[in-house]
Each structure stands twice: as C-alpha cells, then as structure tokens.
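Working notes for the structure below.
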Amino acid sequence: MPTIPVNMLTDRCTIQRWTKASAGSDGKGIWSFVELATNVPCKQYGYNRGTERFSNRQGAVDLPQFDFRPSQDITEKDRIVWESRDYNVTSILRVTARGVTHHFQVFVTIVEDNA
Numbered sequence: 000m001p002t003i004p005v006n007m008l009t010d011r012c013t014i015q016r017w018t019k020a021s022a023g024s025d026g027k028g029i030w031s032f033v034e035l036a037t038n039v040p041c042k043q044y045g046y047n048r049g050t051e052r053f054s055n056r057q058g059a060v061d062l063p064q065f066d067f068r069p070s071q072d073i074t075e076k077d078r079i080v081w082e083s084r085d086y087n088v089t090s091i092l093r094v095t096a097r098g099v100t101h102h103f104q105v106f107v108t109i110v111e112d113n114a
C-alpha cells in the first residue's frame, strides 16, 4: 500500500514548533511557537467535544484528529493552526500496512476559555 495520496488531504494547516526565539533582558531564553511549515496538506476529522474544569472555571475541549503524509515533520511538541485555531499535538500514530507507513494520524487538543 503506498502512502496516502495528497488529493485525499483536502485541508491546509500551519505547523508551529516550540522554539527558543530570542534571549530576554535577563539573559534567559524567550520561548514561543514559530512557524515550521505553512499550507501543509492535511485532513481534519473526528470532533469529540466535552468540558473540563480549570481553576474554578469551565472550558470547552475539542478533540479533533488530523491526517498527514508520513514525510511531514511533526512531533508531540508542535502546534497545528487550522481555521485560525491553535491545536496542541498530544500524540502521533503511525498507520502502516505491510510494514510501510501510509500516513500519520495526529491527535490534538484545544481549550477555549469561556470566562
């Protein structure tokens, strides 16, 4: 089985990586998410919606999934920006068939503050 065809990845996203961007006035590093790749072919699907409690406030939690080609550089420390929303990558599943990686299934979370 070959890798997932690009025409099946009908969505586009940006991948950001947690990176030491510069040194602060105290000499310590300033860390932030910086763009690693833009206009990345992907397929978003599988919304599961729930709520969680954070410091006496309740927020909505979205748990979508994304598919990527196996050649895509993405890790559990990255962030996906899709339709102007930030999703933190929590885990990556390598989907294989006959020992060949077909695609990456990426699981993410987003928390929206309802305060």
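Residue 0 is where the sequence shown starts when you use numbering that gives the first Met the number 0, and the numbers rise one by one after that.
A virtual CB, placed ideally from N, CA and C, is assigned to each residue, including glycine.
Worksheet entry | C-alpha gap between T13 and P40, whole angstroms | 9 Å
Worksheet entry | T9 burial status per 10 Å Cβ neighbour count (16 or more: buried) | exposed
Worksheet item: Going by other Cβ atoms of all chains shown within 10 Å of its Cβ, with 16 needed for buried, is Y86 buried or exposed?
Response: buried
Worksheet item: If F106 and Q64 are in contact, beta carbons under 8 Å, what's the gap, nearest whole angstrom?
Response: 6 Å
Discussion item. Could you give the first and the last residue of the continuous beta strand (DSSP E) run that contains Q116?
Written reply: Past the edges of the chain, shown from 0 to 114, lies residue 116, and the structure says nothing about it.
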